[in-house]
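Going by this note's numbering, the residue at position 10 of the sequence shown is 103; the numbering climbs one at a time, nothing skipped.
For reference, the structure is listed below as C-alpha coordinates.
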Amino acid sequence: YDPHLHAFAERLQKAGKTKMVIRMALARKLLVILNAKARDARVEFANAT
94 YDPHLHAFAE RLQKAGKTKM VIRMALARKL LVILNAKARD ARVEFANAT
(Lines of atoms letter the chains of each structure in order from A and count residues from 1; the text may use other names and numbers.)
(Lines give C-alpha, C1' and ligand atoms only; values in the text may rest on other atoms or scores of the structure.)
Protein backbone atom coordinates (compact mmCIF):
# COMPACT_ATOMS: atom_id res chain seq x y z
CA TYR A 1 0.00 0.00 0.00
CA ASP A 2 1.35 3.38 -1.03
CA PRO A 3 -0.47 6.53 0.10
CA HIS A 4 0.81 8.44 -2.94
CA LEU A 5 -0.64 5.89 -5.34
CA HIS A 6 -3.89 5.82 -3.39
CA ALA A 7 -4.19 9.61 -3.59
CA PHE A 8 -3.39 9.46 -7.32
CA ALA A 9 -6.15 6.90 -7.86
CA GLU A 10 -8.63 8.99 -5.89
CA ARG A 11 -7.79 12.07 -7.96
CA LEU A 12 -8.43 10.12 -11.15
CA GLN A 13 -11.69 8.76 -9.77
CA LYS A 14 -12.88 12.25 -8.80
CA ALA A 15 -12.00 13.38 -12.33
CA GLY A 16 -14.49 10.82 -13.62
CA LYS A 17 -12.05 8.26 -15.02
CA THR A 18 -13.22 4.67 -15.39
CA LYS A 19 -11.80 1.85 -13.27
CA MET A 20 -9.86 0.43 -16.21
CA VAL A 21 -8.24 3.80 -16.97
CA ILE A 22 -7.29 4.17 -13.30
CA ARG A 23 -5.80 0.66 -13.23
CA MET A 24 -3.75 1.30 -16.36
CA ALA A 25 -2.51 4.63 -15.00
CA LEU A 26 -1.48 2.95 -11.74
CA ALA A 27 0.23 0.11 -13.60
CA ARG A 28 2.19 2.58 -15.70
CA LYS A 29 3.16 4.63 -12.64
CA LEU A 30 4.32 1.47 -10.83
CA LEU A 31 6.36 0.45 -13.87
CA VAL A 32 8.07 3.84 -13.96
CA ILE A 33 8.84 3.64 -10.23
CA LEU A 34 10.25 0.11 -10.51
CA ASN A 35 12.38 1.02 -13.52
CA ALA A 36 13.81 3.99 -11.63
CA LYS A 37 14.62 1.79 -8.61
CA ALA A 38 16.32 -0.77 -10.86
CA ARG A 39 18.32 1.99 -12.55
CA ASP A 40 19.44 3.40 -9.21
CA ALA A 41 20.40 -0.06 -7.95
CA ARG A 42 22.56 -0.63 -11.04
CA VAL A 43 24.32 2.70 -10.49
CA GLU A 44 24.97 1.92 -6.82
CA PHE A 45 26.24 -1.57 -7.70
CA ALA A 46 28.57 -0.16 -10.35
CA ASN A 47 29.96 2.39 -7.90
CA ALA A 48 30.48 -0.28 -5.23
CA THR A 49 32.79 -2.38 -7.40
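Virtual Cβ for every residue (Gly too), placed ideally from N, Cα, C.
Values in this document were obtained by computation on a predicted structure and should not be read as measured data.
For Ala131, the enclosing alpha helix (DSSP H) has its first and last residue at 112-141.
Taking the CA atoms as reference points, Gln106 sits about 8 Å from Lys112. Here the alpha carbon of Tyr94 sits roughly 12 Å from the alpha carbon of Leu123. For Ala100, the enclosing alpha helix (DSSP H) stretches over residues 96-107.
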